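Visitor:
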Amino acid sequence: MIKKIEHLGIAVKSIAESLPMFEALFSSSCYKEEIVESEGVRTAFIQVGESKIELLEATNENSPIAKFLSKSRGGFHHVAFEVDDLDAELDRLAGEGFQLIHTTPKNGADNKRIAFLHPRSTAGLLVELCQEKSDESAISDVK
Ligand code: ZN
219 MIKKIEHLGI
229 AVKSIAESLP
239 MFEALFSSSC
249 YKEEIVESEG
259 VRTAFIQVGE
269 SKIELLEATN
279 ENSPIAKFLS
289 KSRGGFHHVA
299 FEVDDLDAEL
309 DRLAGEGFQL
319 IHTTPKNGAD
329 NKRIAFLHPR
339 STAGLLVELC
349 QEKSDESAIS
359 DVK
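As structure tokens, then:
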């Protein structure tokens, strides 16, 4: 089940350069910076009320963020929905005919298991599903 919008992903050329502006915009400080090497991204999270903004910067030229920025000026990149059972939700969406970028969950930033849907099957919207890692899911990652 999808519970809520967990965060919005914003692609930026440089977190160092844009973070002060976003912190001023939201009157809120970054609470976590984290590199997700497997995705080629550096992330910075800002709490905004009950939601979060995730800034994404490419760590190499093959990063999906580098490709995105080569085609746009940056800005809105993806919406992430929190789900209560990521594996079940991926099964459900595959059954509905959605195209999955990740057929099995992978480790994301901010202590989450994540998976992306392909924008080809979502009218161009890049959708991330995420689930907070519990001790239980951390164990299942190891299997
Ligand atoms: Zn995200």
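Residue numbers (the numbering used here): 219 to 361.
Think of the CB as a built atom: it goes at the ideal place given N, C-alpha and C, for glycine as much as any other residue.
Predicted model, so just to flag it, every value in this text is computed and none were measured.
Taking G349 and K330 to be in contact with their CB atoms under 8 Å, please state how far apart those CB atoms are, rounded to whole angstroms.
Guide: Residue identity differs from the one stated: residue 349 is Gln in this sequence, not Gly. Going by Cβ atoms, the distance from Q349 to K330 rounds to 6 Å, so yes, they are a contact pair.
Visitor: Inspect the CB distances between the stretch 232 to 247 and the stretch 301 to 321 and report whether three or more fall short of 8 Å.
Guide: no
Visitor: Taking the alpha carbon of R291 as the reference point, which residue from I228, S245, K222 and H320 has its own alpha carbon closest?
Guide: I228
Visitor: The ligand ZN and H320: does any heavy atom of the ligand fall closer than 8 Å to the residue's C-beta?
Guide: Because no heavy atom of the ligand ZN lies under 8 Å away, the Cβ of H320 does not count as near it: no.
Visitor: Return helix, strand or coil for F294, following the three-state DSSP convention.
Guide: strand
Visitor: Return yes when the C-beta of I233 is under 8 Å from any heavy atom of the ligand ZN, and no when it is not.
Guide: no
Visitor: With contact counted as at least three CB pairs below 8 Å, one residue from each stretch, are the stretch 274 to 287 and the stretch 256 to 263 in contact?
Guide: The way I'd put it, the stretch 274 to 287 does touch the stretch 256 to 263; three or more beta-carbon pairs between them come closer than 8 Å.
Visitor: According to DSSP, simplified to helix, strand and coil, what is E241?
Guide: helix
Visitor: From E251 to S339, what does the alpha carbon distance come to, in whole angstroms?
Guide: Straight-line spacing of the CA atoms in E251 and S339 works out to 31 Å.
Visitor: Which residue marks the beginning of the beta strand (DSSP E) containing F263, and which one marks its end?
Guide: V259 to V266
Visitor: Helix, strand or coil for I233, going by three-state DSSP, please let me know.
Guide: helix
Visitor: With a 10 Å radius around its C-beta and 16 neighbouring C-beta atoms as the bar for buried, classify G293 as buried or exposed.
Guide: Flag for G293 reads exposed.
Visitor: With 16 as the cutoff for other CB atoms within 10 Å, does K222 come out buried or exposed?
Guide: exposed
Visitor: Please give me, in chain order, every unbroken run of the beta strand (DSSP E) with length at least 3 that falls completely inside the stretch 278 to 358.
Guide: 293 to 301, 330 to 335 and 345 to 350
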